[in-house]
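Numbering that gives the first Met the number 0 numbers the first residue of the sequence shown as 0 and each following residue consecutively. Worksheet: one structure, shown below.
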Amino acid sequence: MGEFVEWGALANVVLMGLVVGAGLPTLFALGVRALAGPGARDVDGRVLPARRLASAACFGVVVLAIVGAIAYIAAGGH
Numbered sequence: 000m001g002e003f004v005e006w007g008a009l010a011n012v013v014l015m016g017l018v019v020g021a022g023l024p025t026l027f028a029l030g031v032r033a034l035a036g037p038g039a040r041d042v043d044g045r046v047l048p049a050r051r052l053a054s055a056a057c058f059g060v061v062v063l064a065i066v067g068a069i070a071y072i073a074a075g076g077h
């Protein structure tokens, strides 16, 4: 069976599927949770600076991954 399956390539596909398929949506959800979750706002109704920074970091990573994937595909995807 080992001669028919490229285990390294299979591991790469599974790893990237987990990172992109589960990791990016999780980061996006954490960013939304940081902005709108319980305790996100102070008594004046403003979002706390630490939460705003955390959400910006989460959204930034997601946007960079999307832009990087588009650039990779546009360059030929090899």
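The beta carbon of each residue, even a glycine, is placed where N, CA and C say it ideally should be.
Going by the CB atoms, is the gap between residue j and residue i shorter than 8 Å?
| i | j | result |
| --- | --- | --- |
| L23 | V62 | no |
| A39 | V46 | yes |
| A33 | A53 | yes |
Tell me whether the stretch 57-74 and the stretch 20-30 touch, counting them as touching only if at least three CB pairs, one residue from each stretch, are closer than 8 Å.
yes
Run through the stretch 15-50 for me and flag every whole alpha helix (DSSP H) of 4 or more residues, listed as ranges in chain order.
23-35
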